[in-house]
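At position 77 of the sequence shown (counting the first as 1) the number is 77 in full-length UniProt numbering, and the numbers step up by one without a gap.
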Amino acid sequence: MAGDGFLVPPGRSRGGERRFLGDPLRMLVEGADTGGAFTAVELVHERGFSTPWHVHRNEDEALYVLDGELVVICGEERWEAGPGGFVHLPRSVPHGLKVVSESARILALCVPSGFEHFARDVADLRIGEETAHQLADIAGKYGVQVLGPLPER
Numbered sequence: 001m002a003g004d005g006f007l008v009p010p011g012r013s014r015g016g017e018r019r020f021l022g023d024p025l026r027m028l029v030e031g032a033d034t035g036g037a038f039t040a041v042e043l044v045h046e047r048g049f050s051t052p053w054h055v056h057r058n059e060d061e062a063l064y065v066l067d068g069e070l071v072v073i074c075g076e077e078r079w080e081a082g083p084g085g086f087v088h089l090p091r092s093v094p095h096g097l098k099v100v101s102e103s104a105r106i107l108a109l110c111v112p113s114g115f116e117h118f119a120r121d122v123a124d125l126r127i128g129e130e131t132a133h134q135l136a137d138i139a140g141k142y143g144v145q146v147l148g149p150l151p152e153r
């Protein structure tokens, strides 16, 4: 229940394991677990994975890098984030990321919840030119606007 505290033991999840854009995702907690307060997921991406340049209208996003190295672009800023790095990506500010190490493991928090629904719809979709319109259409249903490829900065 959302009003009760709980523990998610290491290696477990309340929302199951699935794919996110073809890569592993562990749905640690969903909105149903937190009374809609937030969604927490663990993501694993390989070198070269890059999100499109996009903007969330409904939620703030926070990333905590567990392993690996990312380049994150938020508005006009460009950051390199490694293990222990924390990145705040406020709603309505365009952003994206790219994995620059062999792989990266990331804890992502979305506030308020809702990301879990988008994640389900794009589970097996791979990012690429052939899927760009499909990804943009799905994202739009959840208040995420895809603006194009991640800018080089």
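Even for Gly, the Cβ is constructed at its ideal location relative to N, Cα and C.
- Query: Taking Cβ positions, are glutamate 54 and leucine 147 nearer each other than 8 Å?
  - Reply: For the purposes of this step, residue 54 is taken as the residue at position 54 of the sequence shown. For the purposes of this step, residue 147 is taken as the residue at position 147 of the sequence shown. According to the sequence as given, residue 54 is histidine; it is not glutamate. In this structure, leucine 147 lies closer than 8 Å to histidine 54 by Cβ.
- Task: Confirm, please, whether the CB-CB distance from glutamate 59 to glycine 114 is below 8 Å.
- Result: Position 114 of the sequence shown holds residue 114. Position 59 of the sequence shown holds residue 59. Yes, they are a contact pair.
- Query: For phenylalanine 86, which residues does DSSP report across the bridge?
  - Reply: Against the sequence shown, residue 86 aligns to sequence position 86. According to DSSP, phenylalanine 86 bridges with Tyr64.
- Query: Which of the three DSSP states, helix, strand or coil, is assigned to threonine 39?
  - Reply: The sequence position of residue 39 within the sequence shown is 39, counting from 1. In this structure, threonine 39 counts as strand in the three-state DSSP scheme.
- Task: Please work out which residues of its chain come closer than 6 Å, Cβ to Cβ, to residue 156, disregarding the five sequence neighbours upstream and downstream, and give them in chain order.
- Result: Because the chain spans 1 through 153 in this model, residue 156 falls outside it and cannot be assessed.
- Query: For isoleucine 73 versus proline 151, is the C-beta spacing smaller than 8 Å?
  - Reply: Start at 1 with the first residue of the sequence shown, and residue 73 comes out as number 73. Start at 1 with the first residue of the sequence shown, and residue 151 comes out as number 151. Yes, the pair counts as a contact, with Cβ atoms nearer than the cut-off.
- Sorted by chain position, which residues of the same chain lie with C-beta nearer than 8 Å to glycine 31's C-beta, five sequence neighbours on each side aside? Within the sequence shown, numbered from 1, the residue matching residue 31 stands at position 31. Only Ala37, Phe38, Thr39, Pro112, Ser113, Gly114 and Glu116 meet the Cβ criterion.
- Item | Which of helix, strand or coil DSSP assigns to leucine 7 | Within the sequence shown, residue 7 is the residue found at index 7, counting from 1. Correct three-state label for leucine 7: coil.
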